[in-house]
Structure formats: C-alpha cells, structure tokens
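Here the structure is laid out as structure tokens; the discussion comes afterwards.
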DNA sequence: ATTTATGTTAATTCTATGTTAAAAAATATT
DNA sequence: AATATTTTTTAACATAGAATTAACATAAAT
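Protein chains in written order, with this note's numbering: chain C, 2 to 226; chain V, 2 to 226.
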C-alpha cells in the first residue's frame, strides 16, 4: 500500500491509474489532515509527497515525519514541479529518499518507487516481507535474487518480476492478459503468448524448482501453494 | 446481472442480444440519470460503460463510482471508440478494469467480461464470493481449484465452468441447451449430449462428491442444495 | 415389454500450451 | 559512435491434453 498526498486532481488520477495497473495499491489524499488521520490507522509502504500543498508545505510534512520514531524511516518520494522548486528543496530538505520532477512518465515513476522500496527493504529489519519461499525456491526482492536448493539462479528483469508476482500470490491463477498488464504495463500491445515463453525460460532456469509453476489450462498460470 | 450504460441504440441491441444469448442478464440504460436511479435499487455484477454519453461523460461517471465506498470496487469495462478516445482515457481515468474498443466482437466482449469478473472476485475481500461449498465439495474460483473432503481435484476448463455454474446456482435445474449456451457460448453447434459426457467425467473425478450432481430426468441437471 | 432418456466408453478431432530458433530491441562495451 | 552482448519478442512447429462424437449399455417410464 502506497499513500499519495497531492492536491492536483489530474496528477492524482494519473498516478493512481498507473500504479493500480501495475498491481500497486494506492490511497490518495488531498490534504495533509486527511493524510495524518490515515497514518494513524495504517502505515503505507511508501509515501509520494507533493511539495506544494494546501494547509501545510510538503517539506514541513516530511520534517515532522522524520522527527517521529515510527515514521523516521518511512520511504518518501517527493513530487516537485520542474526547476522552480528544486533549488529550494536542496537547502531545506530533511531527507527524502528520492525526487521526481513533474511532469514524469509512468515508467519512470514506477521504477523509482520500486527502487526506493527495494533499498528500504534492505535497510529495514522486516526480512519477512522481502523473502518468499515456495518448495525449493526462495525469492528475495531486496537482493533481486532467486535460490533453488541453495543454488543461486540468475534471472532477467521480466523473469524475476513474473516469478515474484506469482510467488507473492501463490495459489492465485493469473490469466495472460492480467500478467501483461501487471508486469509489462497497461500500454504493452504485443502477443500474450509472450508470457508463455517467459514461463518456459523460468521453468528451465529454475530446474527442479520449475515445477512450482503450474499451468491452469484455459486460464493461465499459478504457483502452487 | 450486468448493467449497460450506452446511448447508441444499435450497440445496445448488439450487446444485450449477445449477452442474453450467452445466458448473462443485462439491463440497459440510455442516460446516466436512469442508471444512477437503478444503482440505488440493485447493484450489478459489472458495468459496461460507454465513454461518450449525453448529460455526463463516462469518465466522470466512473470517477464518481470510484469515490463512493459501495461502488469503489464495482467491476467496470469501458467501451471506447477506436483510437480517438484512447489517449484521453489514459490521462484522466480513475481506473476501469478493462477497455473494449468499438467495434468489438461478441466473443471478445464475453471473454473480457468473464475475465474481469474472475479477477474482481479475487480482489474483493469477501471470500464468500469466490468460494462455494456444497456437501463435501468446495470450489474456489480464484485458485481455479476444487476440493473434495480436503483432497484437491484437477478439473479441466469446461468441467470447472460446468461445476461452478451448477454450484453457484444450487437447486436450480439447467437443461442441456441452457448449459451449452452459458458455458460453450451461443454459437456452439454441437450435440447437446456433450454435456452428459462432461457430467460423467465430473462425477467420476469428484468421487464421493460426485453425488451432489443430480440428474433431473427429462430436463437436465442440478446440484442439490 | 417396449420405448426413451441417460450412463459409459473409447476413438477421433481439435486446441492450448510447450518448445525452439531467429529477429528485434535494449544494454553494455570498446 | 560503432560493435558486441544480453534480453525480449515474435513466429513457426510439435505435442500433450481436452473436447467431441458416436456407438453401445443400462435404467427409468409408459
């Protein structure tokens, strides 16, 4: 779950659309007060924080977060308007994990988000959330590495994303179009049999471990539970 | 029950004809106001929403639906005119579950509808909606899996669809032609005894559980309640 | 007892997926 | 910038598995 604190509606929509379609859950807040309320109920994995906001400045919000023990290490990406705001941040900033200048592309944002989360998983103590094991196969999102019976397996980006999505949702069946949208992105318009080929290389690279990936004929693929 | 909000009469006819013939109930609305009224009375399983509408834009309707808690997760498929509208959607959209460009084929629409419903069953927290149990038999649409007394049973696509339809409507008798239309599609032109063979393999795969499927002589089949 | 509907089986046909290799695209290297 | 390397995608072909048919068996209804 990611929180987005942003008052510009068109950016809200753009970001939430992009993220949801990449399989990332988002909650959007217009105002700092709404955001603070939600923070007391559920902590997000990451915060996308606009600098210019009603009520309270983004930098001030970030400062407050960094003061409190619970939120000190919350990954934060700042959304900044190009040029104008950048200089100001440098002087005042209490340390966001990354900055993305508007306007930004979907792909850029997603890859930044993933990178920040990966880094923070590394630092943070919750090992539980970064490691998944099914049968002989262990996947570690932090190290971007997969092991089968202790042996390291080199996977490419797409292979890793695919295995990771399936393993994080073991038992759940994904149809090919769903996989394309979540991993390739909503704007990919290629053959959906591309998925099959990746499944094939995955299975073969995983060797004995490849059997955790099951074909559900007429539907798609899943990892057995 | 599916709702279709669409002002173009020829598309209304085309879609409702196609769906009704595939055993899917549809209610058609010309205008947003009629649609909103109906939404207060009965929630559909899914909404087919045209983008270009009188009174109010389809995207604006979708946004409103996504704001309200009751309709936040309503599966929505947008009907778009080819090319022209697509770009616009991407920027503004609050997240439809799928898009189908006009003109579309019946088969495509139906398979998209089924996929979206399956996926949405998965996401929703109501486990009740993705799991059905009758006697010793439990069916889970998300995992595409059936268990009898805890033991996993491997079913093929048609077998699964058949059992799933019967279990979701337990006690209701389906005649063979009805089953053919709902599972095989309106354009299947084969023997209706094909159903018998599938029932046979189902019963035998389900072992003791097979007894939940009853023959109603002279009519068809049902799952007992 | 005869007819009719359904159960059962196995051969045939069809389809989805597996598999491979080459082309295209992206990245790295010189 | 040019070249080499790796990754991704496409397309073609092979194969396993599922769907369908047809024939025969059995049980229910009249």
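Even glycine gets a Cβ: it sits at the ideal position worked out from N, Cα and C.
Non-local beta-carbon contacts of residue 56 of chain V in its own chain, meaning distances under 6 angstroms to residues more than five positions away in sequence, involve 32 and 33 in chain order. Between the region 36 to 47 of chain V and the region 61 to 81 of chain V, the count of Cβ pairs shorter than 8 angstroms is three or higher; the stretches touch. Using a CB distance below 8 angstroms, the part of the region 105 to 116 of chain V facing chain C consists of 116, ordered along the chain. Boundaries cannot be given for residue 182 of chain C, as no alpha helix (DSSP H) includes it and DSSP labels it neither H nor E.
When the beta-carbon positions are compared, residue 12 of chain C and residue 58 of chain C stay at least 9 angstroms from each other. The Cβ atoms of residue 143 of chain V and residue 7 of chain C do not sit closer than 9 angstroms to each other. For residue 201 of chain C, there are no CB contacts under 8 angstroms within the same chain when 5 residues up- and downstream are skipped. Looking at the DSSP output, residue 102 of chain C shares a beta bridge with C/81. Within chain V, not a single residue places a beta-carbon under 7 angstroms from that of residue 194 of chain C; the smallest gap is close to 16 angstroms. Contact annotation for residue 145 of chain V against chain C: 174, 217, 220 and 223 [CB-CB distance below 8 angstroms, chain order]. Identification of residues in the region 13 to 33 of chain C having a C-beta nearer than 8 angstroms to some C-beta of chain V yields 14, 15, 17, 18, 21 and 22, given in sequence order.
For residue 223 of chain V, the beta-bridge partners assigned by DSSP are V/215. CA-CA distance, residue 63 of chain C to residue 97 of chain C, rounds to 7 angstroms. Within the region 151 to 163 of chain V, the residues whose Cβ lies closer than 7 angstroms to some Cβ of chain C are 157 and 158, listed in chain order.
Counted as a single uninterrupted DSSP element, the alpha helix (DSSP H) harbouring residue 21 of chain C occupies residues 10 to 21. Residue 172 of chain C carries a coil assignment under DSSP once its states are collapsed to helix, strand and coil.
Counting only Cβ-Cβ distances below 7 angstroms, residue 120 of chain V has contacts in chain C at 179, in chain order. The straight-line gap separating the alpha-carbon atoms of residue 79 of chain V and residue 28 of chain C is approximately 23 angstroms. By DSSP's assignment, residue 37 of chain C forms no beta bridge with any residue. In the structure shown, the three-state DSSP call for residue 146 of chain V is strand.
Judged by DSSP in its simplified three-state form, residue 162 of chain V adopts helix. With a contact defined as Cβ atoms closer than 8 angstroms, residue 189 of chain V and residue 181 of chain V qualify at about 6 angstroms.
In this chain, residue 75 of chain C is not harboured by any alpha helix (DSSP H), its DSSP state being neither H nor E. Beta-bridge analysis with DSSP links residue 153 of chain C to C/148.
Rounded to whole angstroms, the gap between the alpha carbons of residue 47 of chain C and residue 176 of chain C is 28 angstroms. Among the residues facing chain C, residue 41 of chain V is not included, as its CB has no counterpart in that chain under 9 angstroms away. For residue 61 of chain C and residue 76 of chain V, the gap between their C-alpha atoms comes out near 39 angstroms.
With a threshold of 9 angstroms between beta carbons, residue 191 of chain C makes no contact with chain V. Any Cβ of chain V closer than 9 angstroms to the Cβ of residue 226 of chain C would place that residue at the interface, and such an atom is present.
Straight-line measurement puts the Cα of residue 113 of chain C at about 33 angstroms from the Cα of residue 114 of chain V. In this structure, V/162 is the residue among V/162, V/99, V/149 and V/117 with its C-alpha nearest to the C-alpha of residue 184 of chain V. DSSP places residue 114 of chain V in the helix class (H, G or I) of the three-state scheme. Rounded to the nearest whole angstrom, the CA to CA distance from residue 9 of chain V to residue 174 of chain V is 36 angstroms.
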